[in-house]
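Novice: Got a structure for you, written out below as structure tokens; questions coming shortly.
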Ligand code: PEP
Ligand code: MG
């Protein structure tokens, strides 16, 4: 198996019936890029920038951030890199921001909500990203978007910083794609409207599942409700992918579900374009996908959408697809 995987390292990911999907990796630091390339990643589908902000006693400067983003883009040699803007809050704290304790941190002041309030901090990150954009294929993605208003406001700040850089004579790429994470049910439901305004979606199932099932992802006593195969989740995922395609956009997934061998046949059948996972899952996923036919997985997915429980879906997948 190891030998088969290593042969797939430099190959694209193509199904039996000739459909190409993109397998990308989730990273937390520029050093992680080595593992992405070693494992044949076709891009970075999620760069979690929180780590730049954590483990230090003050906000990272524009220069520190610029160097990190530039380093990832350069090492990826023109392959796509999706950078997520700061997603702090929830389980991730920044002591130096001195934020008040909340009753429900996962439902609270976090991610883009905090960034729209603390514009100083957000603008610094956007500026660093825009400056780095000339070093590769940068795509910017906002986390925890719940409304179109939030997206428009965040996009406005990005445009504003872009105009300022232009006035200063600083070069910025003119082909930066701008997308959102779909991890809040309201956004999945409204995906048809979002698709008219964003360049892409990346479905964050870790949070989308917790919010859809109303089950804290950190609480073991309700962990049985983390159900990626629940038809409710599959239906939301379908809505997002269909909405993207209707407007000619692409849809990816960067939650844990994207690298799960039981979910992959379903996601392929639902039409997912990009799967972003931990680097070590890429070659096994490529091997699995190369043995599947998209047309057959479409049939599998249609059946799964009509089932009643997650257990029934797992049974269907396991009886249809040899793992
Ligand atoms: C997600 O919510 O699925 C996701 C990828 O983001 P994080 O796990 O960083 O919240
Ligand atoms: Mg998330």
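In UniProt numbering, the protein residues as written are 249 to 571.
No residue lacks a Cβ here, since even glycine has one placed at the ideal position from N, Cα and C.
Could you compute how far the alpha carbon of residue 244 sits from the alpha carbon of residue 439?
Specialist: Any property of residue 244 remains undetermined from this structure, which presents the chain solely from 249 to 571.
Novice: Check whether the Cβ of residue 431 lies closer than 8 Å to any heavy atom of ligand 2, and answer yes or no.
Specialist: Residue numbering aside, residue 431 sits at position 183 when the chain shown is read from its first letter. For ligand 2, at least one heavy atom lies less than 8 Å from the Cβ of residue 431.
Novice: Between residue 417 and residue 326, what straight-line distance do the alpha-carbon atoms span, to the nearest angstrom?
Specialist: Sequence index remark: in the chain shown, residue 417 carries index 169 (1-based). Sequence index remark: in the chain shown, residue 326 carries index 78 (1-based). Take the alpha-carbon of residue 417 and the one of residue 326: they are about 24 Å apart.
Novice: For residue 400, which option in 368, 369, 360, 419 has the closest C-alpha, if you only look at C-alpha atoms?
Specialist: Against the chain shown, residue 400 aligns to sequence position 152. For the residues 368, 369, 360, 419, the minimum Cα distance to residue 400 belongs to 360.
Novice: Run through the region 295 to 378 for me and flag every whole beta strand (DSSP E) of 3 or more residues, listed as ranges in chain order.
Specialist: Complete beta strand (DSSP E) runs here, min 3: 328 to 332.
Novice: Would you give the residue range spanned by the beta strand (DSSP E) that residue 425 belongs to?
Specialist: The residue labelled residue 425 in the question sits at position 177 within the chain shown. First-last of the beta strand (DSSP E) with residue 425: 425 to 430.
Novice: Which residues mark the beginning and the end of the alpha helix (DSSP H) in which residue 493 is found?
Specialist: Within the chain shown, the letter at position 245 stands for residue 493. Where residue 493 is concerned, the enclosing alpha helix (DSSP H) stretches over 479 to 494.
Novice: Which class does residue 394 belong to by DSSP, given the choice of helix, strand or coil?
Specialist: For the purposes of this step, residue 394 is identified with residue 146 of the chain shown, where counting begins at 1. Residue state, collapsed to three classes: coil.
Novice: Between the region 332 to 340 and the region 279 to 290, can you find at least three pairs of beta-carbon atoms closer than 8 Å?
Specialist: no
Novice: Compare the Cα-Cα distances from residue 259 to each of 542, 498, 535, 499 and report the closest residue.
Specialist: By one-based count along the chain shown, residue 259 stands at place 11. Closest by alpha carbon: 535.
Novice: Applying the criterion that 16 or more other CB atoms from any shown protein chain within 10 Å of the CB defines a buried residue, is residue 467 buried or exposed?
Specialist: As a first step, residue 467 must be located in the chain shown, where it is residue number 219. By the neighbour-count rule (16 or more Cβ atoms within 10 Å), residue 467 is not buried but exposed.
Novice: If distances are taken between C-alpha atoms only, which option among 558, 525, 514, 539 comes closest to residue 550?
Specialist: To locate residue 550, count along the chain shown from 1; it is residue 302. Comparing Cα-Cα distances from residue 550 to each of 558, 525, 514, 539, the minimum goes to 514.
Novice: Express the C-alpha separation of residue 363 and residue 370 in angstroms, rounding to a whole number.
Specialist: Numbered from its first residue, the chain shown carries residue 370 at position 122. Numbered from its first residue, the chain shown carries residue 363 at position 115. One alpha carbon belongs to residue 370, the other to residue 363, and they sit about 5 Å apart.
Novice: Could you check whether the Cβ of residue 296 sits closer than 8 Å to any heavy atom belonging to ligand 1?
Specialist: Within the chain shown, the letter at position 48 stands for residue 296. Yes.
Novice: Does ligand 1 have even one heavy atom less than 8 Å from the beta-carbon of residue 435?
Specialist: What you label residue 435 is simply residue 187 of the chain shown in a count that begins at 1. Every heavy atom of ligand 1 is 8 Å or more from the Cβ of residue 435, so no.
Novice: If you follow the beta strand (DSSP E) that residue 512 is in, where does it begin and where does it stop?
Specialist: In the chain shown, counting from the first residue as 1, residue 512 sits at position 264. Not the beta strand (DSSP E): residue 512 falls in the alpha helix (DSSP H), residues 511 to 518.
Novice: At a cut-off of 8 Å, would you count residue 454 as near ligand 2, judging by its Cβ distance to the nearest heavy atom?
Specialist: As a working mapping, residue 454 is identified with position 206 in the chain shown. Indeed, a heavy atom of ligand 2 lies less than 8 Å from the Cβ.
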